[in-house]
Amino acid sequence: MRGILIDTLVELLDRRVVWVYAVVTVIAIFVIVATSSANLQIQGEEIDLSNMNDQLGNPLMMGVNAFAYVLVFLSVMASAGSIPGMLVKGRAEYYLSQPLPRTSLIMRKLLSLWLVYSGLVVSCVAVIWVVAGIVLGLFGHGLLWLLLIHILSLAIWLCVTACAGVVAGSAAMSMMAAFVVWVFQRILVFHEEIAAFADSKPIEYTVTGLYHLFPKTGQMYDLVETLVSGRPADWMPLYSSLLLATVLLSVTCRIFEHKSY
Amino acid sequence: MRKGDIVALDGVSLSVTEGEIFALLGPNGAGKTTLLRAVLGITSITSGSATVRGIPPSDSRSRVGVGYLPENHRFPGHLTGLGLLELTGRMHRLDRSQLDQRSEELLELTGMSRWSDMKLRKYSKGMLQRIGLAQALMPDPDLLFLDEPTDGVDPVGRADIRQVMTRVREEGKTIVLNSHLLSEVETVADRVAILSRGRLMKVATVEELTSRASQYEIEAEFGNTLITVPDEVGKLVALSSRRLVVELVDPIRINDLIDNIRMKRIAIRTVKPLKVTLEQSFLEAVAGDNEEASQ
Ligand SMILES: Nc1ncnc2c1ncn2[C@@H]1O[C@H](COP(=O)(O)OP(=O)(O)OP(=O)(O)O)[C@@H](O)[C@H]1O
Ligand SMILES: [Mg+2]
Chain L
720 MRGILIDTLV ELLDRRVVWV YAVVTVIAIF VIVATSSANL QIQGEEIDLS
770 NMNDQLGNPL MMGVNAFAYV LVFLSVMASA GSIPGMLVKG RAEYYLSQPL
820 PRTSLIMRKL LSLWLVYSGL VVSCVAVIWV VAGIVLGLFG HGLLWLLLIH
870 ILSLAIWLCV TACAGVVAGS AAMSMMAAFV VWVFQRILVF HEEIAAFADS
920 KPIEYTVTGL YHLFPKTGQM YDLVETLVSG RPADWMPLYS SLLLATVLLS
970 VTCRIFEHKS Y
Chain Z
218 MRKGDIVALD GVSLSVTEGE IFALLGPNGA GKTTLLRAVL GITSITSGSA
268 TVRGIPPSDS RSRVGVGYLP ENHRFPGHLT GLGLLELTGR MHRLDRSQLD
318 QRSEELLELT GMSRWSDMKL RKYSKGMLQR IGLAQALMPD PDLLFLDEPT
368 DGVDPVGRAD IRQVMTRVRE EGKTIVLNSH LLSEVETVAD RVAILSRGRL
418 MKVATVEELT SRASQYEIEA EFGNTLITVP DEVGKLVALS SRRLVVELVD
468 PIRINDLIDN IRMKRIAIRT VKPLKVTLEQ SFLEAVAGDN EEASQ
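See the structure below:
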C-alpha cells in the first residue's frame, strides 16, 4: 500500500494540480473578506457576534458546502486520468508484472487516490472554515458532517471514473463518463416531473429505475444542508449511491482481473 | 493464443530450466514479447497453459521473486530513478533497510547513481534502459525476464549488461532473454529457442546451433596434392593449398580421412568441427519458414 500511495502522491504533486486548489481557496478567501466588509456596511454599528452566529452560521455553512462541492468536482477531473495512465502500453506491463493480485492493485490505487484527494479537499475546506471563523467571527456547525458526506461523494465518483477508466482505458473516456453520469443524475432528480410530463408507464418505470440506479451526489449535497441546519435527513441518496459504488467497484475488479494487456 | 484476429503464438511448447540463460530469437512480430507477457499474466492465454515454478500466471504468487524488463517500457515519468526502484521494491515487500541497500547497489551496478534523483521523463533512452534493468533486479529475482535489454544502450553499457547477466546466472538464477543481437546471445546464452510467426522452429543449445557436427575443417600443407574423398566417407566442400572442408557421412569417418592424408605424408596442423555463427544458423532456420510463408 505504501508504495502505491507514495506513487499517487508524487504524481499529484508532479502534475501541479495542487495549485488549482490553492487558487480556488484563495478566491474563496477573497469572497469571505468581501462579504465581511459588506456585512459591516449594512450593520453600520457594532455587532453582537454571539447573536449573529445563530442567524448567519447556516448560510456560512451553505457557502462552505458549495466550496467543498467544487473541490470534489475538481478532484474527480484531476484524478480521472490516473488509473488509465497506469494502464497505458508500456506502463501496464510494469504494474501488472508485480506480485500483486490485480484486484489488490486497483484497490490500492483507488484507496490512494481517495486518501490523497480527500486530504486536499479536507485541508482546503478546513482553511476556509478557519478563515471564515477569524474574519467573520462565525463558526458554523456541522463541519464534520459536511466533510464526511463530500469525502464519500468523492469515493463514489472515483468508482465511476475507475470503472470507465478500466473498461475504456482512456482518461478522456473516464472524464466523459463522470460528466455524463453527473448530467444524468442532475436531470433524474426531476424523475417525478418527467414521468408526469411523459404520461406513459414504460417511461415512468425507466426514469424511476434510472433515478434509483444512478448515484445521487447532487442530493447528497442537499443532504449536507439538511444535516447542517439540523432538520431530519433522508439518507436514501447516500446509501443508494454507496451501493452503486460498491457494485461498480466489484464489476471493475472483475473486468480488470480478466483483461488482457 | 490469440490477440484480436492474430494468432500470436501457436503450438509453442517450451520449458526453461533453473539456472540457465534462455534466449528467445525470432524475426519482428514472431511472438517473443507476447510469450513473455503471457507467462507474466499480462496478456491472457486463450488456449494452452503456462506455469512459473508450477503456478499459473493468473495467480500473482507466480510473480514473487520475478523481475521483468519490458520492451518499449514507459515507466511512470513523475518518479525519479530512485523512486522507481523503491516503488518496485515496496510492491515486492522489501523492508526499509532492504530498499536502501538494494537500490544503492543497483544504481551503482547500472551506473545510474548520478541520475538517481532526476525525474524519469528527463532520462535518455539508454538511461531508461539501465534503470529498467535495475528495477527488474530490485526484488533480487531468481527468475529474470529481459525483453531486449540492450536496446538503445551504448557499447560500454551493453558489455556491462552482459556482465550483469553472467553474474546473475552464476548466482544460480534463471534468465529468459529476448534479443536481436545474435552475437550477444551467442556469448551469454546457454539455450536458444527460435520462433517465427508464432511457431517454434527450433530449441537447442548455443553449442548445437553453432557447430556443424558433420562438417570438418582440416588445415594442412596440401600444396598441390590432390585429395579425393571417397563417397562412403563424405563429400569435399572446399579445398585450397592449406585448408580443406569436408561434409562427412558420419563424424567417425573423420579418422579415415585423416589416415588418407597422413599416408600422403602431408603435415596436419588442425582438425576441428566447422563452427558457424549463431546468426548463420538463425538465418537458415528462419529462411525455411519464410519460403513456406511466401508460397
Ligand atoms: N496489443 C496487440 N494487439 C494485437 N496484436 C498484437 C499486439 N501486440 C502484438 N501483437 C501481434 O502479436 C504478434 C507477435 O508480436 P510480438 O510483439 O510478440 O513480437 P516480437 O517477436 O516481440 O517482435 P519484435 O522483435 O518486433 O519485438 C504480432 O503479429 C503482433 O502484430
Ligand atoms: Mg518484442
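Protein chains in written order, with our numbering: chain L, 720 to 980; chain Z, 218 to 512. In this text, a Cβ means the ideal position worked out from N, Cα and C, and glycines have one as well.
According to the DSSP assignment, Thr305 (chain Z) belongs to no beta strand (DSSP E) but to the alpha helix (DSSP H) extending over 298-308. The shortest CA-to-CA distance from Thr880 (chain L) to any of L:Ala897, L:Ile868, L:Ile847, L:Ser872 is the one to L:Ala897. Leu253 (chain Z) is positioned such that its CB atom lies closer than 8 Å to that of Asp364 (chain Z). A distance below 7 Å between beta-carbons, with the five flanking residues on each side excluded, links Gln904 (chain L) to the following residues of its chain, in chain order: Phe933, Pro934, Lys935, Thr936, Gly937. The criterion of a C-beta distance shorter than 8 Å is not satisfied by Leu839 (chain L) and Val783 (chain L). Annotation for Ser823 (chain L): no beta strand (DSSP E) segment contains it, though the alpha helix (DSSP H) segment containing it runs 821-855. Contact annotation: Phe292 (chain Z) and Arg827 (chain L) have beta-carbon atoms that are not nearer than 8 Å. The DSSP assignment places complete alpha helix (DSSP H) segments of no fewer than 4 residues inside the segment 313-383 of chain Z at 313-326, 342-354, in order along the chain. A Cβ-Cβ distance of about 37 Å is found for the pair Ile238 (chain Z) and Ala437 (chain Z), leaving them out of contact under the 8 Å criterion. Contact residues of the segment 311-342 of chain Z toward chain L are Lys336 (C-beta to C-beta distance below 8 Å).
Using beta-carbon distances, Ile392 (chain Z) does not count as an interface residue toward chain L, since no partner is under 8 Å. Using beta-carbon distances, Leu299 (chain Z) does not count as an interface residue toward chain L, since no partner is under 8 Å.
Put simply, the backbone Cα of Asp317 (chain Z) is about 24 Å away from that of Arg278 (chain Z). Gln497 (chain Z) and Ile475 (chain Z) have their alpha carbons spaced roughly 28 Å apart. The alpha helix (DSSP H) runs lying completely inside the segment 930-965 of chain L and spanning 4 residues or more are 936-947, given in chain order.
Judged by DSSP in its simplified three-state form, Met720 (chain L) adopts coil rather than helix or strand. Pro273 (chain Z) has its alpha-carbon roughly 51 Å from the corresponding atom of Ala952 (chain L). The criterion of a C-beta distance shorter than 8 Å is satisfied by Ser413 (chain Z) and Val503 (chain Z). Ranked by Cα distance from Ala455 (chain Z), the first of Z:Ser320, Z:Val385, Z:Asp448, Z:Glu464 is Z:Glu464.
Contact fails between the segment 281-292 of chain Z and the segment 312-329 of chain Z, because fewer than three Cβ pairs, one in each stretch, are under 8 Å apart. Look at Val885 (chain L) here: in three-state DSSP terms it is helix. Separation of the CB atoms of Arg280 (chain Z) and Gly306 (chain Z) is rounded to 14 Å, and the pair is thereby denied contact status at 8 Å.
Interface flag for Val807 (chain L) against chain Z is set, since a Cβ pair is found closer than 8 Å. Across the structure, Ile378 (chain Z) and Asp371 (chain Z) are spaced so that their CA atoms are roughly 10 Å apart.
As DSSP reads the structure, Leu456 (chain Z) sits in a beta bridge with Z:Leu461. Note on geometry: alpha-carbon atoms of Asp941 (chain L) and Arg310 (chain Z) lie some 44 Å from one another.
The C-beta of Lys390 (chain Z) has 16 or more other C-beta atoms within 10 Å across all chains shown, which makes the residue buried. In the three-state scheme derived from DSSP, where H, G and I count as helix and E and B as strand, Glu976 (chain L) is classed as helix. Val488 (chain Z) places its beta carbon less than 8 Å from that of Ile435 (chain Z). Taking C-alpha positions only, Gly369 (chain Z) is separated from Leu426 (chain Z) by approximately 27 Å. In this structure, Ala914 (chain L) and Val926 (chain L) form a Cβ contact; the two beta carbons are roughly 5 Å apart against a cut-off of 8 Å.
Cβ contact annotation for Leu728 (chain L) (same chain, cutoff 6 Å, sequence separation greater than five): Val835, in chain order. Per DSSP, Gly804 (chain L) is not a residue of any beta strand (DSSP E); the alpha helix (DSSP H) it occupies stretches across 801-805.
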